[in-house]
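For reference, the structure discussed in these notes is given below.
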Amino acid sequence: MEFTGQNFPQSNHTTLVEFILLGFSDVPSLQRFLFRVFLIIYIIILVGNSLIIIITKVDPSLQIPMHFFLGNFSFLEICYVSVTVPRLLQDLCRQDRNISFLACATQMYFFLVLGATECFILTAMAYDRYVAVCNPLLYPLIMNSSLCTQLAAGCWTSGVPVHIGFTYFIFSLPFCGSNQLNHFFCDIPTILTLACGDTFMIEMLIYLIALLVVTIHFLIILGSYVKIVLTILKLPSATGRAKSFSTCSSHLMVVAIFFGSVIITYLRPKSSHSARTDKFLSLFYTIVTPMFNPLIYCLRIKDVMVALKKFLLKWIALQQKQ
265 MEFTGQNFPQ
275 SNHTTLVEFI
285 LLGFSDVPSL
295 QRFLFRVFLI
305 IYIIILVGNS
315 LIIIITKVDP
325 SLQIPMHFFL
335 GNFSFLEICY
345 VSVTVPRLLQ
355 DLCRQDRNIS
365 FLACATQMYF
375 FLVLGATECF
385 ILTAMAYDRY
395 VAVCNPLLYP
405 LIMNSSLCTQ
415 LAAGCWTSGV
425 PVHIGFTYFI
435 FSLPFCGSNQ
445 LNHFFCDIPT
455 ILTLACGDTF
465 MIEMLIYLIA
475 LLVVTIHFLI
485 ILGSYVKIVL
495 TILKLPSATG
505 RAKSFSTCSS
515 HLMVVAIFFG
525 SVIITYLRPK
535 SSHSARTDKF
545 LSLFYTIVTP
555 MFNPLIYCLR
565 IKDVMVALKK
575 FLLKWIALQQ
585 KQ
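Count the sequence shown with the working numbering and you get residues 265 to 586, in order.
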């Protein structure tokens with residue numbers, strides 16, 4: 265695949281057919297250790313989120329909108345980490361870290377789409393908590409199965425058309441010189457460092473999309489929780505306040521970790537970008553957050569914890585019978 269620009273002579277560009285993901289090659293002595301660590305984390309993410317999906321489907325006590333969105337969120341996390349982690353594990357075991365333009369563009373596209381979907385689902389979950397706490401009498405009427413299905417469908421599909429064009433725009437830039445990406449996956453800031461010429465327009469587009477997809481949804485969630493907290497503080501029962509805070513705090517913790525690392529990565533000035541910092545921040549929203557999500561929700565939400573214990577006890581009993 266050849267990338268050329270109208271404002272630059274053809275001779276100034278190298279025809280690139282692939283990138284090289286450097287990943288963590290700068291610490292060769294830690295390759296095996298990192299492989300074990302990331303493999304364990306990946307297994308925890310797969311098992312933890314799979315258990316949440318199963319119990320939200322099979323346990324009748326969890327057939328409510330909050331757990332419907334939690335099941336969607338857990339499935340999303342499995343898809344999200346599977347875009348980057350398997351490739352990372354593969355690269356930690358081999359010297360050949362080449363990735364074709366098509367594979368790189370595909371990885372970036374799914375990473376962006378699933379990242380946007382995570383923003384949307386976290387916002388839908390905040391809306392669900394807002395209705396449950398601030399309008400409890402109307403909650404069953406407002407958060408009916410039809411609305412939940414529509415919200416979930418909207419979350420999964422809204423980012424698809426935008427990021428098709430966005431990914432195409434990025435990979436239509438002219439590339440020249442080195443083809444080495446100092447990252448463990450095809451992320452936007454790293455790709456742009458290899459682009460030739462003026463990238464001002466694409467950078468402005470990144471800020472615009474980040475503003476629409478990340479910042480605005482974060483502010484919506486923040487505004488919802490301001491009203492939620494004010495409502496909770498007015499509850500007469502200390503037990504009711506404690507239960508509401510416990511349910512909402514788990515979601516807030518996930519929101520803070522995910523949105524915080526994403527905002528710092530994509531909205532901070534270009535001059536402050538460094539490969540080491542970008543890789544470190546990327547680990548938070550690609551690996552760390554998905555690992556902690558099932559732990560946070562299981563430990564903080566009593567209903568999920570009880571259902572998980574029941575499911576595991578039944579599974580153990582079934583295994584003993586066999």
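A virtual CB, placed ideally from N, CA and C, is assigned to each residue, including glycine.
From the options, residue whose alpha carbon lies closest to that of residue i
{"i": "I470", "options": "T421, C419, A380, L516", "result": "A380"}
{"i": "P425", "options": "N446, Y394, P438, I473", "result": "I473"}
{"i": "M407", "options": "H331, A539, H447", "result": "H331"}
{"i": "S488", "options": "S501, H427, M389, P438", "result": "M389"}
{"i": "Q359", "options": "I318, A581, P292", "result": "P292"}
{"i": "M465", "options": "S436, K498, C357, I484", "result": "S436"}
{"i": "F433", "options": "L576, L340, A369", "result": "A369"}
{"i": "V519", "options": "R296, I560, K498, D290", "result": "I560"}
{"i": "S289", "options": "S409, Q444, V281, P404", "result": "Q444"}
{"i": "Q371", "options": "Y391, D392, V349", "result": "V349"}
{"i": "H515", "options": "D392, S409, L285", "result": "D392"}
Beta-carbon proximity of residue i to residue j, cut-off 9 Å
{"i": "I316", "j": "G287", "result": "no"}
{"i": "L376", "j": "F449", "result": "no"}
{"i": "S314", "j": "V570", "result": "no"}
{"i": "I342", "j": "F283", "result": "no"}
{"i": "V477", "j": "C383", "result": "yes"}
{"i": "L386", "j": "F523", "result": "yes"}
{"i": "M517", "j": "I305", "result": "no"}
{"i": "T550", "j": "Y373", "result": "no"}
{"i": "A367", "j": "N446", "result": "no"}
{"i": "I412", "j": "F333", "result": "Before going on, a small fix: residue 412 reads as Cys here, not Ile. In contact: C412 and F333 (Cβ atoms closer than 9 Å)."}
{"i": "F548", "j": "I521", "result": "yes"}
{"i": "R296", "j": "L356", "result": "yes"}
Own chain, CB closer than 6 Å to residue i, minus 5 neighbours either side, in chain order
{"i": "L456", "result": "T463"}
{"i": "T421", "result": "none"}
{"i": "G312", "result": "P558"}
{"i": "G553", "result": "Inspection of the sequence shows that residue 553 is occupied by Thr rather than by Gly. Around T553: I521, F522."}
Rounded separation between residue i and residue j - CA only
{"i": "L378", "j": "D567", "result": "27 Å"}
{"i": "K574", "j": "T320", "result": "12 Å"}
{"i": "L458", "j": "I328", "result": "48 Å"}
{"i": "G441", "j": "F365", "result": "15 Å"}
{"i": "R361", "j": "R351", "result": "9 Å"}
{"i": "T541", "j": "V347", "result": "21 Å"}
{"i": "L582", "j": "P558", "result": "24 Å"}
{"i": "I309", "j": "D323", "result": "21 Å"}
{"i": "I480", "j": "L486", "result": "10 Å"}
{"i": "P500", "j": "L402", "result": "20 Å"}
{"i": "K543", "j": "K585", "result": "48 Å"}
{"i": "W579", "j": "L572", "result": "10 Å"}
{"i": "T454", "j": "L577", "result": "47 Å"}
{"i": "L415", "j": "I318", "result": "21 Å"}
{"i": "K507", "j": "I452", "result": "41 Å"}
{"i": "F439", "j": "C460", "result": "5 Å"}
{"i": "G423", "j": "A417", "result": "11 Å"}
{"i": "V281", "j": "L475", "result": "32 Å"}
{"i": "T503", "j": "I484", "result": "27 Å"}
{"i": "S410", "j": "P404", "result": "11 Å"}
Beta-carbon proximity list for residue i, same chain, < 8 Å, skipping 5 on both sides
{"i": "L353", "result": "F299, F302, L303, Y306"}
{"i": "H427", "result": "Y373, L376, V377, A380"}
{"i": "L545", "result": "S525, I528, T529"}
{"i": "T495", "result": "V397, C398"}
{"i": "R242", "result": "Since the displayed the chain opens at 265 and closes at 586, residue 242 lies outside it and no answer follows."}
{"i": "F294", "result": "Checking the sequence, you will find Leu at residue 294 rather than Phe. Excluding sequence neighbours, L294 sits near F288."}
Residues near residue i by beta carbon distance below 7 Å, same chain, minus five either side
{"i": "Y394", "result": "S488, K491, I492"}
{"i": "P400", "result": "none"}
Beta carbon proximity, residue i to chain D, threshold 9 Å
{"i": "F482", "result": "Absent here is chain D; the protein component of the structure consists of one chain."}
_Every unbroken alpha helix (DSSP H) inside the stretch 290-361 [4 residues or more]_ = 295-322, 329-356
_As an exercise, report each continuous alpha helix (DSSP H) stretch of at least 4 residues that is fully enclosed by the stretch 391-416, in chain order._
403-406
*Whole alpha helix (DSSP H) elements within the stretch 447-517, 4-residue minimum*: 452-456, 464-474, 480-497
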